[in-house]
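Novice:
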Amino acid sequence: MIENAQLHQQIERLRGQMVETASLQNTLLHGEVLQISQSLDLLIVQVQEERLTRLRK
Numbered sequence: 011m012i013e014n015a016q017l018h019q020q021i022e023r024l025r026g027q028m029v030e031t032a033s034l035q036n037t038l039l040h041g042e043v044l045q046i047s048q049s050l051d052l053l054i055v056q057v058q059e060e061r062l063t064r065l066r067k
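So for the sequence shown, the working numbering puts the first residue at 11; every next one is plus one.
#1: Where does Glu13 sit, in a helix, a strand or coil, going by DSSP?
#2: For His18, name the three-state secondary structure that DSSP assigns.
#3: How far does the alpha helix (DSSP H) with Thr63 in it extend, from its first residue to its last?
#4: Compute the distance between the beta-carbons of Ile46 and Leu24, then report whether it is under 8 Å.
#5: Measure the alpha-carbon distance for Gln35 versus Gln27 and round it to whole angstroms.
And the structure:
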């Protein structure tokens, strides 16, 4: 499991990369943008699952 602060840094890095790529490609539908978005989704779900686990304790 990735440490929480490290996970948030990775999310912010991917978010910036996604925005930059979408801007360069001039579309949100470019394959690379979609791939980054999916990776970002996985990390966000991981953060949400960790929060739920902490709340349940």
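We put the CB at the ideal spot given by N, CA and C, even for glycine.
Specialist: Taking the definition as stated:
#1: Against the sequence shown, residue 13 aligns to sequence position 3. If DSSP states are grouped into helix, strand and coil, Glu13 belongs with coil.
#2: Numbered from its first residue, the sequence shown carries residue 18 at position 8. His18 falls in the helix class under three-state DSSP.
#3: Within the sequence shown, residue 63 is the residue found at index 53, counting from 1. Where Thr63 is concerned, the enclosing alpha helix (DSSP H) stretches over 41-66.
#4: Start at 1 with the first residue of the sequence shown, and residue 46 comes out as number 36. Start at 1 with the first residue of the sequence shown, and residue 24 comes out as number 14. Result yes, Cβ atoms of Ile46 and Leu24 sit closer than 8 Å.
#5: Your numbering for residue 35 matches position 25 in the sequence shown. Your numbering for residue 27 matches position 17 in the sequence shown. Between Gln35 and Gln27, the C-alpha separation is close to 12 Å.
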